[in-house]
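Okay, so the sequence shown: first residue is 31 according to my numbering, each after it adds one.
All residues carry an ideal CB built from backbone N, CA and C; glycine is no exception.
Note that the structure is a prediction, hence the values are computed from the model and not measured.
First the structure, in the form of structure tokens, and then the observations on it.
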Amino acid sequence: MTLITLLDHKNVLILKKKQKIMKLKASALILLLSLFNHLQAGIAFSDDFNDGALGSHLDNFEGTFAETGGQLKNIYGTRSTIRTSDSDYISNDFIFESTITISSTEIAFMGMGTGAQDPNLSNEPFGAYLRMHDSTLVGGRVDLVVNSSPLSGFEFVDYGFGNFGNGTHRVRSTLTGSLLTFDIDQHYNGTFNTDASSSVDLSLFSFNSTNSHLFVGTSTSGAAYDDMLVSVSAVPEPASLSLLLLSCGSLAFFRRKRKIV
Ligand SMILES: [Ca+2]
Ligand SMILES: [Ca+2]
31 MTLITLLDHK NVLILKKKQK IMKLKASALI LLLSLFNHLQ AGIAFSDDFN
81 DGALGSHLDN FEGTFAETGG QLKNIYGTRS TIRTSDSDYI SNDFIFESTI
131 TISSTEIAFM GMGTGAQDPN LSNEPFGAYL RMHDSTLVGG RVDLVVNSSP
181 LSGFEFVDYG FGNFGNGTHR VRSTLTGSLL TFDIDQHYNG TFNTDASSSV
231 DLSLFSFNST NSHLFVGTST SGAAYDDMLV SVSAVPEPAS LSLLLLSCGS
281 LAFFRRKRKI V
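Encoded structure:
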């Protein structure tokens, strides 16, 4: 083999090695970017219900709700719920809040679950949720309840921890890990101030990625929802974190190696 042939062979080997490193760097970068997207926090949706048409982020699965007068209302007139199209809210930490105006004989419901009616229990929804009464019903009492297996029926987690009654109020539910907390601001004026708060540990119940919608409901047409906001902060799973560290490590390795060369 001549000297020129040997040099050519060496150049080809160097070029191939460089191409291989470039490919690995690109793969590490793509992996890093996709994980970064996965881990980003953000607004799932916000809705002022002002344009008269339900957005695709809501699943009007009972066909009973509509946007009317700039609010979300039960137009059916008997106990019913509407829920988010996404069903996996148990998978991430979130904040779910909405303003509720109660004007007549009413129980309003707000929480997480399928929201479907339980025929064996006065059509209470399935899930973990608040029951918020108007002023003429038990004095406006607010309860935190769970209606989910392994319970046989619904159970009061916190009976009468707050008071709503008629008027405009705001509810904020926050999932942190498995702890679901409800904060209520009675007579909301635009700045959220917690008047009452209660929590439930959901790890004891059977919430999963197919039954964890967010839902609101009413027992008549005497209540309306407005200015709904859902923000989600992704929780990195251990496997995702390992991959993230691996891809960061790979890029750092390539950079250091380049400096040495
Ligand atoms: Ca709309
Ligand atoms: Ca509105």
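Any non-hydrogen atom of ligand 2 within 7 Å of residue i CB
i: Gly100; result: yes
i: Asn241; result: no
i: Asp173; result: no
i: Asn20; result: As shown, the chain starts at 31 and ends at 291. That puts residue 20 outside it, with no answer to give.
i: Asp257; result: yes
Extent of the continuous beta strand (DSSP E) to which residue i belongs
i: Glu97; result: 95-98
i: Ala146; result: Run containing Ala146: none; DSSP gives neither H nor E here.
i: Asp215; result: 209-215
i: Asn223; result: No beta strand (DSSP E) contains Asn223, which DSSP labels as neither H nor E.
i: Ile73; result: 72-77
i: Ile112; result: 110-114
Closer than 7 Å: residue i CB and nearest ligand 1 heavy atom
i: Glu136; result: no
i: Ala83; result: yes
i: Asp77; result: yes
i: Glu92; result: no
i: Glu97; result: yes
For residue i, the residue or residues it bridges with in DSSP
i: Leu84; result: Beta-bridge pairing links Leu84 to no other residue.
i: His243; result: Gly143
i: Glu127; result: Arg202, Leu259
i: Lys103; result: Ala96, Ala254
i: Glu154; result: Asp148
i: Ile132; result: Gly197, Ala253
i: Ser121; result: None, per the DSSP bridge assignment.
i: Ser228; result: Phe212
Minimum Cβ-Cβ distance from residue i to chain C less than 8 Å
i: Phe194; result: Within the model displayed, chain C is absent; a lone protein chain is all it includes.
Exercise. In the stretch 159-195, which residue ranges form an unbroken alpha helix (DSSP H) of at least 4 residues, counting only runs that do not cross its ends?
Worked result: none
Exercise. Per the contact definition of three or more C-beta pairs closer than 8 Å, is the stretch 111-119 in contact with the stretch 242-254?
Worked result: yes
For this session: Report yes or no: do three or more beta-carbon pairs, one from the stretch 96-108 and one from the stretch 157-171, lie closer than 8 Å?
Result: no
Problem set entry | Meets three-Cβ-pair contact criterion under 8 Å: the stretch 147-155 and the stretch 214-224 | no
Exercise. Can at least three beta-carbon pairs, one atom from the stretch 143-151 and one from the stretch 123-133, be found at a separation below 8 Å?
Worked result: no
Exercise. If we count Cβ pairs, one from each stretch, closer than 8 Å, do we get three or more for the stretch 249-264 versus the stretch 70-82?
Worked result: yes
Exercise. Any chance the stretch 178-187 sits against the stretch 208-215, with 3 or more Cβ pairs inside 8 Å?
Worked result: no
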